[in-house]
Amino acid sequence: MIDLLFYLLIFPGLLFTAVLGLVVGWVDRKVSARFQYRVGPPFFQNFNDFFKLLGKQTIIVKDSVKSMFISAPLVSFGTLSLLAMLIGLPLFFGQSFGGDIFVVMYLMVIHSVMVVLGGSSTGNVYSSLGAGREIKLVLADELIFIIVILIPIVASGYELELAALIKAQSSGAFIGSVNGVIGFLAGLLCMQAKMTMQPFDIPEAETEIVEGPLMEYSGPLLGFWKLNHFMMYVVYPFLLILLYLGGFNLQGWGILWAVLKYLLIVVLMIILKNTNPRLQIDTALKFFWKILFPVVLIGLILAVLGV
Amino acid sequence: MTKNRIPLGPFHPLLEEAEYFELQIEGETVVDLDMEIGWMHRGHEYISEQKNFTQSIYLVERICGICSTSHPIACVRAIEDIDNLEIPIRAKYIRSLVGELERIHSHLLWLGLAGHFIGYDTVWMWAWKYRETVLEMMEIISGNRNHYGMMRVGGVGKDVKPKDIPDLLDKLDMIDEKMEMIAKVANDDPVLKARLKGVGVLSHEQAINYCATGPTSRASGVPGDVRRDDPHDAYGMLDFDVITAENGDVYDKLVVRVLEILESSKIIRQCLDKLSEVEGPILNNVEEISPGEGIGRYEAPRGEVFHYIRSDGSNRPVRHKVRAPSYVNIPTYEASCKGISVSDALITLASVDPCYCCTERSLKIRSDSEEKPDLLELSKQKTERIRREYNGN
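So the protein sequences, as listed, match chains D and B.
Mapping to the working numbering: the first sequence position 135 is 526, numbers consecutive.
Mapping to the working numbering: the second sequence position 275 is 352, numbers consecutive.
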């Protein structure tokens, strides 16, 4: 029991994910700034932002559905902590249970659902537009993402445990094969969409609908939304490492190798973010369904054939 | 489907200035659009009528911070038009030089903002970094990075020193290089094309019907350009092309502006070339302005800017009328924004490079009582009064 609480609240769950997320969020801001000839924020900026927001006043919209408005960011926060634990346990301790990959798949959607609920609970026209766009974006990327998870399952010989997936990669990571490369790249794009970063920052488009679903949030609740975003910087890349890059080997030089794997994904995401404009929602939908879907399907077939 | 209203403004990240638009949407599609201008009204025309001619040039410079030499050029041309004054040849080249440098900086500013509006912050920062070079060139020429204070009735206020010319040419080389890079990016980037092609189309016919000017009309294939159609200052002696495009969408407006920057740089090179050869004064002494009226046109970065000035022989304009290009470009939203999605409509709003502080020469205060006269009626009465007074003189 104590073990479980430790896993959930400290490592690899809430605390570890939140702190690492804020640090990586700083890396993102700093690297983006260097991309754009700017200096970028100091190291503790994200921490300061979060603690500042905790101390600010929370304004709750009069006409909103209050329970939904308040619970959405907190539920999302809890889900992400749980996800961090479920993905971290096989990565760091080699523990998992049968079929936990399905639990992960379901929990991954909850953040998007909470964004939709929180956004639509306020009645603000920008928020509801953003919530509508979030629904469309989930529709766009979810199927691709499921196939991205399916490819390693097939490649490992139909293992349904995360720890077993890592074990299957002990002789060589899945990214070494053609289907692995396809799955990894498609997964990277899905991450981008799930984290609503360019080119898929459509639901939060600042210059169009002013942060969309988050528009009416203020104070600690906004702080939790921001923290959720930073936690995703840890959860999603870790899942991708688990599925395609063979997990972590935390002995000797393995630690450096693990950090490099993680940074590779983060830097790829930052490059994607900084070299692309925001797409329209229909273009994003077309991209995912008409272009990426056939590609990952081919990847899946290749995985079945063992190429 | 239910209709929703999206209020856009008066303060919104998309608009640099206070302005109000109301989009009627069905789902994500814009079905109607309402514009309410008048938030930036500062009474420039009235103030100008209280100042003398020299002061009013400085005043109109402050109408807009971006096209801050287009208004003075149009204004001095209007004053010179009253007496058909000629200006020294060296002054002509300097005027065109400053005007073209301003075009480059204005287009780069738009490029950056447009990048920001479509979520491409890298373009934003890069474009504004290159714009910095143009501001440095302006500082070398006029001593100011913005609000150059170069225009005078009868010439220009400051000469271009021959020793600065190599430095200016070096900086221009750098801008050319970067612009060719941006043109290449715009040509090659599939995501940018997917985002901007076919968005917010203003057809050739609509551009003519709405009397659009500047890059807005040129992107729709209407080759109107005051620099070529009414050659003034040095433009008649320079070799340049009027850039046009076919489709009238946002992508074409982007392309037209990027190519215009290259064209402006060509003009600047010719001006600098001539300035190192031509000798002479830069300012004619103008003692007084005789009674009469004059107009000045100038191709500002956003289109044709028009100034009308009437003098009664005193040292002050009795009437000063300003019409900025955005005044005719903003109504084109009616044609280009309907039937497209919200995200497309917003970049279309930004694509004409609207400048509201240039545009707003009048203010309408909403009132519930019906007795108050309509704005159009007031305007007609004012025009009638001016005509009567002028004929009386």
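By construction, the Cβ of each residue, glycine as well, lies at the ideal position given by its N, Cα and C atoms.
Please report whether the beta-carbon of residue i lies at a distance below 8 Å from any beta-carbon of chain B.
| i | result |
| --- | --- |
| Thr674 of chain D | yes |
| Asp592 of chain D | yes |
| Arg669 of chain D | yes |
| Leu663 of chain D | no |
| Glu597 of chain D | yes |
| Phe684 of chain D | no |
| Gln436 of chain D | no |
| Leu520 of chain D | yes |
| Arg420 of chain D | no |
| Phe426 of chain D | yes |
If distances are taken between C-alpha atoms only, which option among the options comes closest to residue i?
| i | options | result |
| --- | --- | --- |
| Val262 of chain B | B:Leu331, B:Leu279, B:Val276 | B:Leu331 |
| Leu670 of chain D | D:Val466, D:Val504, D:Phe493, D:Ala531 | D:Ala531 |
| Tyr123 of chain B | B:Gly115, B:Val137, B:Gly232, B:Glu113 | B:Val137 |
| Glu597 of chain D | B:Leu91, B:Val108, B:Arg82, B:Lys80 | B:Leu91 |
| Met227 of chain B | B:Asp241, B:Ile171, B:Asp430 | B:Ile171 |
| Ser388 of chain B | B:Gly277, B:Arg396, B:Glu381 | B:Arg396 |
| Leu269 of chain B | B:Asp329, B:Ala311, B:Ser403, B:Lys235 | B:Asp329 |
| Tyr433 of chain B | B:Phe88, B:Gly115, B:Leu110, B:Glu99 | B:Gly115 |
| Pro604 of chain D | D:Lys677, D:Arg420, D:Ala463 | D:Ala463 |
| Leu110 of chain B | B:Lys415, B:Val363, B:Ala168, B:Ile372 | B:Lys415 |
| Gly390 of chain B | B:Phe383, B:Ile407, B:Gly371, B:Val405 | B:Gly371 |
| Ile345 of chain B | B:Ile417, B:Leu249, B:Met112, B:Ala289 | B:Leu249 |
| Leu246 of chain B | B:Leu352, B:Arg272, B:His309 | B:Leu352 |
| Met582 of chain D | D:Trp644, D:Gly509, D:Val500 | D:Val500 |
| Lys527 of chain D | D:Pro685, D:Ile672, D:Leu691 | D:Ile672 |
For residue i and residue j, I'd like the C-alpha separation in whole angstroms.
| i | j | result |
| --- | --- | --- |
| Asp160 of chain B | Gly220 of chain B | 30 Å |
| Gln132 of chain B | Ser125 of chain B | 8 Å |
| Asn286 of chain B | Asn437 of chain D | 52 Å |
| Arg400 of chain B | Ile535 of chain D | 54 Å |
| Arg334 of chain B | Ile386 of chain B | 31 Å |
| Arg86 of chain B | Ile143 of chain B | Note on residue identity: the sequence assigns Gly, not Arg, to residue 86 of chain B. So the alpha carbons of these two residues sit roughly 21 Å apart. |
| Ser294 of chain B | Pro300 of chain B | 7 Å |
| Leu688 of chain D | Ile538 of chain D | 7 Å |
| Pro403 of chain D | Lys457 of chain D | 32 Å |
| Trp201 of chain B | Ile544 of chain D | 43 Å |
| Tyr653 of chain D | Gly416 of chain D | 13 Å |
| Leu279 of chain B | Glu157 of chain B | 36 Å |
| Leu541 of chain D | Asn665 of chain D | 29 Å |
| Asp306 of chain B | Leu162 of chain B | 20 Å |
| Leu473 of chain D | Leu406 of chain D | 11 Å |
| Gly357 of chain B | Lys206 of chain B | 36 Å |
| Ala554 of chain D | Val418 of chain D | 29 Å |
| Lys681 of chain D | Ala675 of chain D | 10 Å |
| Val429 of chain B | Gly380 of chain B | 10 Å |
| Arg464 of chain B | Gly369 of chain B | 12 Å |
| Val319 of chain B | Phe130 of chain B | 33 Å |
| Lys238 of chain B | Arg438 of chain B | 38 Å |
| Arg167 of chain B | Ile252 of chain B | 25 Å |
With a 10 Å radius around its C-beta and 16 neighbouring C-beta atoms as the bar for buried, classify residue i as buried or exposed.
| i | result |
| --- | --- |
| Phe442 of chain D | exposed |
| Leu455 of chain B | exposed |
| Lys447 of chain D | exposed |
| Ile450 of chain D | exposed |
| Lys457 of chain B | exposed |
| Phe98 of chain B | buried |
| Glu365 of chain B | exposed |
| Leu336 of chain B | buried |
Please work out which residues of its chain come closer than 8 Å, Cβ to Cβ, to residue i, disregarding the five sequence neighbours upstream and downstream, and give them in chain order.
| i | result |
| --- | --- |
| Val601 of chain D | Tyr517 |
| Lys80 of chain B | Gln101, Ile102, Glu103, Val108 |
Quick one: residues in its chain with C-beta nearer than 6 Å to the C-beta of residue i, no 5 flanking neighbours on either side, listed in chain order?
| i | result |
| --- | --- |
| Phe639 of chain D | Leu482, Ala649 |
| Asn515 of chain D | Met606, Glu607 |
| Ser467 of chain D | His502, Met505, Asn619 |
| Pro432 of chain D | Arg420 |
Is residue i close to chain D, meaning its C-beta is less than 8 Å from at least one C-beta of that chain?
| i | result |
| --- | --- |
| Lys261 of chain B | no |
| Leu110 of chain B | no |
| Val278 of chain B | no |
| Tyr197 of chain B | yes |
| Ser420 of chain B | yes |
| Glu163 of chain B | no |
| Pro90 of chain B | yes |
Leaving aside the five residues before and after residue i along the sequence, list all residues of the same chain whose C-beta is less than 7 Å from its C-beta, in chain order.
| i | result |
| --- | --- |
| Ser183 of chain B | Ile143, Cys144, Pro378 |
| Val698 of chain D | Ser568, Val569, Asn570 |
| Gly489 of chain D | Leu551, Glu552 |
| Ala412 of chain B | Leu279, Gln283, Tyr287 |
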